[in-house]
Amino acid sequence: MTDRAALILQAAALLRQARAGLAFTGAGVSTPSGVQDFRGAGSGMWEKADPMEVASLTAFRYHPEVFYAWVRPLAVTIHRAEPNPAHRALAALEAAGRIKAVITQNIDGLHTRAGARQVLEIHGSLREATCGQCHRVWPGGPVLARFVKDGAVPRCPDCGGVLKPNVILMGEQLPEAAFRAARAAALRCDVMLVAGSSLEVMPSAALPLEAVTHGARLIIVNQEPTYLDERADVLIHADVAEALPQMAAAAGCEAKAYV
Ligand SMILES: [Zn+2]
15 MTDRAALILQ
25 AAALLRQARA
35 GLAFTGAGVS
45 TPSGVQDFRG
55 AGSGMWEKAD
65 PMEVASLTAF
75 RYHPEVFYAW
85 VRPLAVTIHR
95 AEPNPAHRAL
105 AALEAAGRIK
115 AVITQNIDGL
125 HTRAGARQVL
135 EIHGSLREAT
145 CGQCHRVWPG
155 GPVLARFVKD
165 GAVPRCPDCG
175 GVLKPNVILM
185 GEQLPEAAFR
195 AARAAALRCD
205 VMLVAGSSLE
215 VMPSAALPLE
225 AVTHGARLII
235 VNQEPTYLDE
245 RADVLIHADV
255 AEALPQMAAA
265 AGCEAKAYV
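Numbers 15 to 273, taken from the working numbering, label the letters of the sequence shown in order.
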């Protein structure tokens, strides 16, 4: 048996025993779907612009057209993206009761589209957009589709105010309810599965440490090292789209849910 296969089995054994398993995912889970890590080096997004000048809340309020022009390539990518085997494996683990929920830093909604039910989107999501003028909340799907098509700054059908996607911008607080729920789940969990996150964006990345501090076993599946690698019970440097389906299968989850 290869070292990798042995690690997958160890992780699966932990998940089989879990009574309150929890997954924590980051950009790496969406990379196999073609969604670039917009915070990551090499994505090109930050090289073209200073994030505080285009993607902060203040910048958005004063120059929404600059923000929307900058974010359009990412919006187009997300609009076209489909869930990949990593998303489906996590949904299968949830359906089988091996994990209770997925905490994600991703805003693309792909966990939900893959069939996950309990998804805590701590950086927000594109599922909704809010009018900056009348504060009415609109479904994000049609807003995104229209924006991808025409590139115009999305506006409120009621009052004409600028719509802001319900995702956190630079320097903005995390959505309180989602983060509170995520923290409560992290404190309760007995197995924490970190997948596709290098755990660099705080305060979200502190949640797995809180789980471990409260006694959870830790599985990490990520290409890059993280600050918690030394605390991991099982550490797998691998492509999540390969490792997670293997892990789900070894944990006894039904293949049809993720193949
Ligand atoms: Zn409005």
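Glycine included, C-beta positions come from ideal geometry on N, C-alpha and C.
Interface flag, residue i vs chain B, CB-CB below 8 angstroms
| i | result |
| --- | --- |
| Gly-229 | Absent here is chain B; the protein component of the structure consists of one chain. |
Continuous beta strand (DSSP E) stretch holding residue i: start and end
| i | result |
| --- | --- |
| Pro-153 | 151–153 |
| Thr-118 | 115–118 |
| Val-248 | 248–250 |
Among the options, the one whose alpha carbon lies nearest that of residue i
| i | options | result |
| --- | --- | --- |
| Gly-175 | Gly-42, Asp-17, Pro-78 and Ala-41 | Pro-78 |
| Leu-201 | Gly-35, Trp-84 and Val-80 | Gly-35 |
| Gly-48 | Arg-150, Met-66 and Thr-91 | Thr-91 |
| Arg-231 | Ile-117, Glu-214, Leu-213 and Leu-207 | Leu-207 |
| Phe-38 | Cys-145, Pro-217 and Ile-117 | Ile-117 |
| Leu-223 | Met-15, Leu-242 and Ala-19 | Leu-242 |
| Ala-195 | Val-133, Gly-40 and Val-68 | Val-133 |
| Leu-258 | Pro-153, Val-162, Arg-127 and Leu-23 | Leu-23 |
| Ala-143 | Ala-110, Ser-44 and Pro-179 | Pro-179 |
| Leu-107 | Leu-28, Glu-238, Asn-236 and Ala-220 | Leu-28 |
| Phe-193 | His-137, Leu-124, Val-167 and Val-215 | His-137 |
| His-101 | Ala-130, Ala-32, Pro-87 and Ile-250 | Ala-130 |
| Gln-50 | Val-235, Glu-190, Asp-247 and Ile-121 | Ile-121 |
| Leu-177 | Pro-239, Phe-161 and Gly-185 | Phe-161 |
| Leu-124 | Ala-220, Asn-236, Ala-41 and Val-226 | Ala-41 |
Three-state secondary structure (DSSP) of residue i
| i | result |
| --- | --- |
| Gly-138 | strand |
| Ala-271 | Caution applies to Ala-271, whose pLDDT of 46 falls short of 50 and renders its modelled position unreliable; the value that the coordinates give is listed next. Note: Ala-271 maps to helix in three-state DSSP. |
| Leu-213 | coil |
| Gly-42 | helix |
| Arg-231 | strand |
| Val-208 | strand |
| Lys-178 | strand |
| Thr-91 | helix |
| Thr-144 | strand |
| Arg-131 | coil |
| Leu-242 | coil |
| Ala-37 | strand |
| Arg-112 | coil |
Residue i classed as buried or exposed, judged by whether at least 16 other C-beta atoms fall within 10 angstroms
| i | result |
| --- | --- |
| Gln-119 | buried |
| Gln-187 | exposed |
| Met-261 | buried |
| Leu-135 | The question names Leu, but residue 135 is Glu in the sequence shown. It counts as buried. |
| Asp-164 | exposed |
| Arg-112 | buried |
| Gly-154 | buried |
| Thr-72 | exposed |
| Gly-210 | buried |
Enclosing alpha helix (DSSP H) for residue i [first to last residue]
| i | result |
| --- | --- |
| Ile-182 | From DSSP, Ile-182 is part of no alpha helix (DSSP H); its letter is neither H nor E. |
| His-77 | Here His-77 belongs to no alpha helix (DSSP H), and DSSP marks it neither H nor E. |
| Ala-191 | 190–202 |
| Pro-65 | 65–68 |
| Gln-31 | 17–31 |
| Ala-109 | 99–109 |
| Leu-258 | 254–264 |
For ligand 1, residues whose Cβ lies under 6 angstroms from any non-hydrogen atom: Cys-145, Gln-147, Cys-148, Arg-150, Cys-170, Asp-172, Cys-173 and Gly-175
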